[in-house]
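Chemist: The structure that follows is given in the form of structure tokens.
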Amino acid sequence: MAERIVSLIYDKIAFIGLGLIAGSMAWATKRAGAATTISGYARSDATRETTRRLGFCDVVTDTAAEAVADADLVVLAVPVGAMGGVMAEIKGALKPGATVIDVGSVKQSVFDEVMPHVPDNVHFVGTHPMAGTEHSGPEAGFAELYDNRWTLIVKLEGADASVVDKVEQYWAALGAMTDQMDVQHHDRVCAVVSHIPHLIAYTMVGVADDLRRVTDSEVIKFSAAGFRDFTRIAASDPTMWRDVFLTNKDATLEILGRFTEELFALQRAIRTGDGDHLFDYFTRTRAIRRGIIEAGQDTDAPDFGRGAAR
Ligand code: NAP
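For the working numbering, count along the sequence shown from 1 and bump the result up by 678.
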């Protein structure tokens, strides 16, 4: 795990959007002592009120401009499709020399939408924590979300190296390991490891829901681990995932094409009784699972660490 830096990194940090990702960052910022003041803004009264009660922000303001005033770091933690609008809203209120980062799951579209609004005297760095849960909203956040998980740093050409270094230091203080990637590579890698798996989960649960009408709720009653794990992923936030597919269109369509070809090959192996094909395929995929466990990115406890909870 990256060594956690327990010291001040930014004087004031402002979060725009106060859901799972911002809430977890704010709790982890407090745990690390990485900021003197944390301010926050979300569009709805309900989310602002909940955040005030939870206490992960020192100040919750009623406008985005008030939240970012005097902030050294501004974190855009709204759905990908809302990033450009938020940047346009706050651009006139940013402190000269401030750094703005986003946490969006897609990067090319965020750069396209946000960069036209970034003032010359403000720095922008893309970041993407590869951590999350199926829960959303301010109550879903917790300080440990980023511990030992990767955060990808996506910078534009000509970005100030000391600014990017400081952003990486901040993520390390939140418990994360960081790696830098260019924007196209980021969107392609995320299509493979995150976006298409979510689409497959949504599809499988959708199909089962259709079948449920035929099988009279047996799908839910007898849901064994395989289907149950799909339902966890398919419970993820609809707004966030709608935006991911609308904004990472090229990469997700490309990976979906490859997925469909493999699926047809497996379908053919089943139809023709080609057991060798199935066995070899499943042996290869089992090795990938082992690699993930060896890299410390999941537990090898049986049943995904859930124990007897069923
Ligand atoms: P979330 O829990 O649903 O929170 C989203 C926040 O954004 C809410 O506070 C919401 O305010 C606010 N918001 C939504 N639309 C807005 C708009 N048009 N203007 C201003 N504020 C708006 O979402 P999240 O999971 O934290 O995700 C935030 C970002 O992190 C997304 O870009 C997502 O792609 C990225 N991300 C998510 C995950 C994950 O697993 N969840 C992982 C990595 C990256 P209200 O509550 O008032 O509506």
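Beta carbons: idealized from backbone N, C-alpha and C, even for Gly.
Measuring only from the beta carbon, is R920 closer than 6 Å to any heavy atom that is part of the ligand NAP?
Modeler: Not so, every heavy atom of the ligand NAP lies at least 6 Å from the Cβ.
Chemist: Would you say the beta carbon of G810 is closer than 6 Å to some non-hydrogen atom of the ligand NAP?
Modeler: Yes, Cβ of G810 sits closer than 6 Å to a heavy atom of the ligand NAP.
Chemist: Do the segment 834-846 and the segment 771-784 touch if we need at least three Cβ pairs shorter than 8 Å?
Modeler: Contact between the segment 834-846 and the segment 771-784 is present, because at least three Cβ pairs lie under 8 Å.
Chemist: Could you check whether the segment 859-874 touches the segment 699-718, counting it as contact only if at least three pairs of C-beta atoms, one from each stretch, sit closer than 8 Å?
Modeler: Too few Cβ pairs lie closer than 8 Å, so no.
Chemist: Give the single residue among D740, S914, T729, T741 whose Cα lies nearest to the Cα of P816.
Modeler: Of the candidates D740, S914, T729, T741, the one whose C-alpha sits nearest the C-alpha of P816 is T729.
Chemist: Counting only beta-carbon atoms, is D958 nearer than 7 Å to chain C?
Modeler: No chain C appears in this structure, which consists of one protein chain only.
Chemist: State the start and end residues of the unbroken alpha helix (DSSP H) segment that holds D865.
Modeler: That run of the alpha helix (DSSP H) goes 861-868.
Chemist: Count the other CB atoms within 10 Å of the CB of E846; is the residue buried (16 or more) or exposed (fewer)?
Modeler: Answer is buried; the Cβ neighbour count reaches 16.
Chemist: Is G985 helix, strand or coil by DSSP?
Modeler: Residue placement at G985 is poorly supported in this model, since its pLDDT is 48, which falls under 50; the coordinates are not used for a value here.
Chemist: State the Cα-Cα distance for the pair S787 and L924, rounded to the nearest angstrom.
Modeler: Rounded to whole angstroms, S787 to L924 spans 10 Å at the Cα level.
Chemist: What are the residues that DSSP puts in a beta bridge with W828?
Modeler: M855.
Chemist: Please state whether DSSP places K769 in a helix, a strand or coil.
Modeler: Helix, per DSSP.
Chemist: Below 6 Å CB to CB, which residues in the same chain sit around T856 once its five sequence neighbours on both sides are set aside?
Modeler: Only T829, I831, E846, W849 meet the Cβ criterion.
Chemist: So, do the segment 895-909 and the segment 917-931 have three or more beta carbon pairs nearer to each other than 8 Å?
Modeler: Because the criterion of three Cβ pairs below 8 Å is not met, the segment 895-909 and the segment 917-931 do not touch.
Chemist: Once the 5 residues before and after I694 are set aside, which same chain residues still bring their CB inside 6 Å of it?
Modeler: Y719, A742, L754, V764.
Chemist: Run through DSSP, which three-state label would K833 get?
Modeler: Residue state, collapsed to three classes: coil.
Chemist: Distance, Cα to Cα, E896 vs D887?
Modeler: The alpha-carbon atoms of E896 and D887 are separated by roughly 10 Å.
Chemist: Would you call F908 buried or exposed, if buried means 16 or more other Cβ atoms sit within 10 Å of its Cβ?
Modeler: F908 comes out buried.
Chemist: Quick one: residues in its chain with C-beta nearer than 7 Å to the C-beta of V756, no 5 flanking neighbours on either side, listed in chain order?
Modeler: Correct list, in chain order: I694, G695, V764.
Chemist: Rounding to the nearest angstrom, what Cα-Cα distance links R726 and T739 in this structure?
Modeler: Taking the straight line joining both Cα atoms gives about 8 Å.
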